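Chemist: Its first residue numbered 723, the sequence shown is counted upward by one per residue in my numbering. C-beta: ideal position from N, C-alpha, C; glycine also. Predicted model only: the values in this text are computed from it and were never measured. This structure is in C-alpha cells; I'll ask about it shortly.
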Amino acid sequence: MRVAMIGGGYVGLVSGACFADFGSSVTVVERDPAKLAMLRDHKIPIYEPSLDQIVARNVQAGRLAFTADLKSAVDGADVVFIAVGTPTRRGGGHADLTAVYEAARAVAMAATAPLLVVTKSTVPVGTGREVARILRETRPDICFDVASNPEFLREGNAITDFIEPDRVVIGIDLLDIEGAARAEASMRQVYAPLTAKNTPFRFVSLESAELAKYASNAFLAMKVAFVNEMADLSEKTGADIAEITACMGLDRRIGDKFLRAGPGFGGSCFPKDTRALAAIAQDAGVPSRLVEATIAANEYRKEAVARRILALAGGEIAGKVVALLGLTFKPDTDDMREATSLPVMRNLLTYGARIQAYDPEGMAQAKSMVTGDVTFMPSARDAIRGSDILVLLTEWDCFRKLEPQNVMADMRGNIILDMRDIWNGPAFIAAGAVYHAVGRSRTA
Ligand code: UDX
C-alpha cells in the first residue's frame, strides 16, 4: 500500500517507519523544517530506542521518505494517516483539534482519487465523523472513507508496542456498509504482517475506537494513581507496597502491570488524555468522578514530593544541596512533558534548596523548562557529590548499579529518598544512609 503519514512526531514517525517495515511505501509529512532536515540527514529528532535502525533500514529500502510537501505525499496514496498533535487546550482539559482539522482540509485539497483517511491521533469521540464531514464538504467530487486507528504506544517501548501489539483497534463508519468494507480491507493490508500473526483486530464504530483509546489510558492512569495511594497507606501501616502489588498482580483479573508505585505519572499522554476524557464526560453530562479523582490525586502527589523532601530535611532546606537522579517522566525517553521532576525542582527552589541534577537523556529539554539554582551534572556521581539529600525520581537502569558505599562516601549528608523503590535499602542503611523508599515502611 502507498501510505501518507501526516505528522512526524512520536506517533507519526514510529507508525510510518513500522508501516514501511510491514511492506507499505510510506511518505511522512513533517512541516517543522528543523525536524525534517534531521530526518533527511538520517537523524532522529526524538529519543526512541531502535527507531533509528528501523528508519534507516526502510529509507535504505526505498520504502520510507520524508517531505514537507503534503500534496505530493497524498497524491497517489491509498491511505492517509493523520498523526498530528492534540495537546490540551489552554484553560481547560479539552483536546486542541486545530491541527487535526487543518490536516483533514489539506488532505482533501490534495486528494486526486478515492482515499481512506485514518485518524491516528488521540481525539475526542466524534472527531472521526467531523473529519469525514470536512473531507466531503471540501471535496464533494472525491470518495473519502474514514477510519480511526488509535495507537497504544509507550514511549521507550514504541517499536515493540507497534510490531507486537496486544490488539489493533480500528474504528470504521458502520453506518456506511460499503465504505466500512473498503476501510477494513485497506487496514488489513497495511497491517498485513499482524494479520498473519493472528494479532487480535477489533473493527468497531468510529466512536467506540475513539473512546476505547481514552478509556484504556485513563484506566492505566487510574491503576497507577491507585497503587500510589496504597503506597502511602503502606508506609503508615507497616506494610510494603512491593509485597502488596506482588499479591495483587497474581490475580489475573488485576494483572501485574502498571502497579509500580512512584512519584506520580507524567508524560504527554496520561495527563493530557485523562483531562480530555474528564472534559468529554463533562460535556456529555455524565462527569466521570473516577477520572477526575485520578487527575486530582496525581496532581497532589507530584506537588507533595518536594514537601516530603523538606520534611526529611527537618523542615529547613534553604542552602542545602539536593541531588536529583532522573528528570524524564519515565526511563528510556528524553521526554520531559509533565515530568514529576518539574514541580519537584520548582518547589525545592522556592524552599531555597540548591539542586544538582542528572538524567541520561532529559537534561537538554529540562534546561529550558526550569530556572533557578539547578546545576545539570555530567554524571550521576557528579550530581551526588557533596549533596545533603539524594532523591531518585526516574528509574533509569544506570542508577540501579550505584554502589551504596560510593554513594555515601560522595554525599555530604546521608538522607536518601528512593521514589521508585529500586535500591537495596538495607545495603544503604548499612553504609550509613537514613533511607526512605516509596511504599515501604520497613527499610531495614
Ligand atoms: C502511555 C500508555 O502506556 C500508552 O499505551 C499510550 O499509547 C500512551 O501513554 P507513556 O505515556 O509513553 O504510554 O508511558 P507509560 O509507560 O504508560 O507511563 C506513563 C507514566 O506512568 C510514567 O510517568 C510512568 O513513570 C508512570 N508509571 C507507569 C508508574 O508510575 N507506574 C507504573 O507501574 C507504570
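Roughly how many angstroms lie between the CA atoms of L897 and R851, to the nearest whole one?
Modeler: For the purposes of this step, residue 897 is taken as the residue at position 175 of the sequence shown. For the purposes of this step, residue 851 is taken as the residue at position 129 of the sequence shown. C-alpha separation (whole angstroms): 11 Å.
Chemist: So, with DSSP's three-state summary, where would you put F803?
Modeler: The sequence position of residue 803 within the sequence shown is 81, counting from 1. Here F803 sits in strand by DSSP.
Chemist: Is there a C-beta anywhere in chain B that falls below 8 Å from the one on R889?
Modeler: Judged by its chain identifiers, the structure shown contains no chain B, having just a single protein chain.
Chemist: Could you give the DSSP three-state label for I885: helix, strand or coil?
Modeler: By 1-based counting over the sequence shown, the position of residue 885 is 163. Of the three classes helix, strand and coil, the one that applies to I885 here is helix, per DSSP.
Chemist: Apart from the five residues on each side of it in sequence, which residues of its chain come closer than 8 Å, Cβ to Cβ, to M1058?
Modeler: In the sequence shown, the residue the question calls residue 1058 occupies position 336. Correct list, in chain order: L1049, T1050, F1051, L1064, G1084, Q1087, A1088, M1091.
Chemist: Taking only three categories from DSSP, how would you classify L1046?
Modeler: Within the sequence shown, residue 1046 is the residue found at index 324, counting from 1. Looking at L1046 - three-state DSSP - the assignment turns out to be strand.
Chemist: Are the CB atoms of L916 and V891 within a distance shorter than 8 Å?
Modeler: In the sequence shown, the residue the question calls residue 891 occupies position 169. In the sequence shown, the residue the question calls residue 916 occupies position 194. Not in contact: V891 and L916 (Cβ atoms no closer than 8 Å).
Chemist: When you measure from the CB of G989 to every non-hydrogen atom of ligand 1, does any distance come out below 7 Å?
Modeler: In the sequence shown, the residue the question calls residue 989 occupies position 267. The answer is yes for G989.
Chemist: Here's the rule: buried if 16 or more other CB atoms are within 10 angstroms of the residue's CB, otherwise exposed. What is Q782?
Modeler: One-based indexing of the sequence shown puts residue 782 at position 60. By the 10 Å Cβ count, Q782 comes out exposed.
Chemist: Are the Cβ atoms of A832 and L857 separated by less than 8 Å?
Modeler: As a position in the sequence shown, residue 832 is number 110, starting the count at 1. As a position in the sequence shown, residue 857 is number 135, starting the count at 1. Going by C-beta atoms, A832 is not nearer than 8 Å to L857.
Chemist: Take N1069 as the anchor and find which of V1044, P1082, W1118 has the nearest alpha-carbon.
Modeler: Taking the first residue of the sequence shown as position 1, residue 1069 is located at position 347. Nearest of V1044, P1082, W1118 to N1069, Cα basis: V1044.
Chemist: Grouping DSSP H, G and I as helix and E and B as strand, with all else coil, what is R876?
Modeler: On the sequence shown, position 154 is the one that residue 876 refers to. Of the three classes helix, strand and coil, the one that applies to R876 here is coil, per DSSP.
Chemist: From G734 to L1115, what does the alpha carbon distance come to, in whole angstroms?
Modeler: Start at 1 with the first residue of the sequence shown, and residue 734 comes out as number 12. Start at 1 with the first residue of the sequence shown, and residue 1115 comes out as number 393. Using only the alpha carbons, I get a separation of about 29 Å.
Chemist: Beta-carbon separation of V750 and M723 under 8 Å?
Modeler: Translated into the one-based positions of the sequence shown, residue 750 becomes position 28. Translated into the one-based positions of the sequence shown, residue 723 becomes position 1. No, the Cβ-Cβ distance between V750 and M723 is not below 8 Å.
Chemist: State the beta-bridge partners of S927 as determined by DSSP.
Modeler: Here residue 927 corresponds to residue number 205 of the sequence shown, with the count starting at 1. For S927, which the question treats as bridged, DSSP gives the partners I894.
Chemist: Nearer than 7 Å: is that true of the beta carbon of K1052 relative to any heavy atom of ligand 1?
Modeler: One-based indexing of the sequence shown puts residue 1052 at position 330. Within the cutoff, so yes.
Chemist: Starting from A817 and walking both ways along the beta strand (DSSP E), at which residues does that stretch end?
Modeler: Within the sequence shown, the letter at position 95 stands for residue 817. From DSSP, A817 is part of no beta strand (DSSP E); its letter is neither H nor E.
Chemist: Just confirm the distance between the C-beta atoms of G1074 and A1040, as a whole number of angstroms; I'd bet it's less than 8 Å.
Modeler: Residue mapping note: residue 1074 aligns to position 352 of the sequence shown, counting from 1. Residue mapping note: residue 1040 aligns to position 318 of the sequence shown, counting from 1. Indeed, because the Cβ distance is near 3 Å, the residues count as touching under 8 Å.
Chemist: Is there at least one non-hydrogen atom of ligand 1 closer than 7 Å to the beta-carbon of G984?
Modeler: The residue labelled residue 984 in the question sits at position 262 within the sequence shown. The answer is yes for G984.
Chemist: Considering only C-alpha positions, which residue in the set G986, G1154, D888 is nearest to Y1022?
Modeler: If you number the sequence shown from 1, residue 1022 lands on position 300. The shortest Cα separation from Y1022 among G986, G1154, D888 belongs to G986.
Chemist: Considering just the uninterrupted stretch of the alpha helix (DSSP H) at L838, what are its terminal residues?
Modeler: Sequence index remark: in the sequence shown, residue 838 carries index 116 (1-based). Careful: L838 lies outside any alpha helix (DSSP H), inside the beta strand (DSSP E) at 837 to 841.
Chemist: Does the beta-carbon of S1101 have 16 or more other beta-carbons within 10 angstroms, so that it is buried, or is it exposed?
Modeler: Here residue 1101 is taken as the residue at index 379 of the sequence shown, counted from 1. By the 10 Å Cβ count, S1101 comes out exposed.
Chemist: With a CB to CB cut of under 6 Å and the five nearest residues on each side skipped, what residues in its chain are close to L1071?
Modeler: In the sequence shown, counting from the first residue as 1, residue 1071 sits at position 349. The answer, listed in chain order, is G1094.
Chemist: Return the residue from the list N1146, A787, L942, I766 that minimises the CA-CA distance to F964.
Modeler: Counted from its first residue, the sequence shown places residue 964 at position 242. The question names Phe, but residue 964 in the sequence shown is Ala. Ranking N1146, A787, L942, I766 by Cα distance to A964 puts N1146 first.
Chemist: Leaving out the 5 sequence neighbours to the left and right, which residues in its chain are closer than 7 Å to A931 when beta-carbon positions are compared?
Modeler: Counting from one through the sequence shown, the residue named residue 931 turns up at place 209. Contacts found: S870, P872, V891, I892, G893.
Chemist: For ligand 1, any of its heavy atoms closer than 7 Å to the Cβ of E877?
Modeler: Translated into the one-based positions of the sequence shown, residue 877 becomes position 155. Yes, ligand 1 has a heavy atom inside 7 Å of this Cβ.
Chemist: For A1149 and E957, what's the separation of their Cα atoms in angstroms?
Modeler: For the purposes of this step, residue 1149 is taken as residue 427 along the sequence shown, with counting starting at 1. For the purposes of this step, residue 957 is taken as residue 235 along the sequence shown, with counting starting at 1. If I take the Cα positions, the gap works out to 19 Å.
Chemist: For V736, which residues in the same chain have their Cβ closer than 7 Å to its Cβ, ignoring the five residues on either side in sequence?
Modeler: Along the sequence shown, one-based indexing puts residue 736 at 14. Excluding positions up to five away in sequence, the list reads E770, L773, L875, A880, I881, F884.
Chemist: Select from G730, G989, A854, A940 the residue whose C-alpha is nearest the C-alpha of E755.
Modeler: Working through the sequence shown from its first residue, we reach residue 755 at position 33. According to the sequence shown, residue 755 is Pro rather than Glu. When only C-alpha atoms are compared, the closest one is G730.
Chemist: For Q1078, write down the residues that DSSP places opposite it in a beta bridge.
Modeler: Here residue 1078 corresponds to residue number 356 of the sequence shown, with the count starting at 1. In DSSP, Q1078 forms a bridge with A1045, T1097.
Chemist: Which of helix, strand or coil does DSSP assign to T996?
Modeler: The residue you call residue 996 lines up with position 274 of the sequence shown. Helix, per DSSP.
Chemist: Drop a sphere of 10 angstroms on the beta-carbon of A828, count the other beta-carbons inside from all chains shown, and report buried for 16 or more, exposed for fewer.
Modeler: To locate residue 828, count along the sequence shown from 1; it is residue 106. It is buried - the Cβ of A828 has at least 16 other Cβ atoms within 10 Å.
Chemist: In or out: R1142 buried (at least 16 other Cβ within 10 Å) or exposed?
Modeler: Along the sequence shown, read from residue 1 onward, the residue named residue 1142 stands at position 420. Per the 10 Å Cβ criterion, buried.
Chemist: Tell me V699's beta-bridge partners as DSSP assigns them.
Modeler: This structure cannot speak to residue 699, because the chain is shown only from 723 to 1166.
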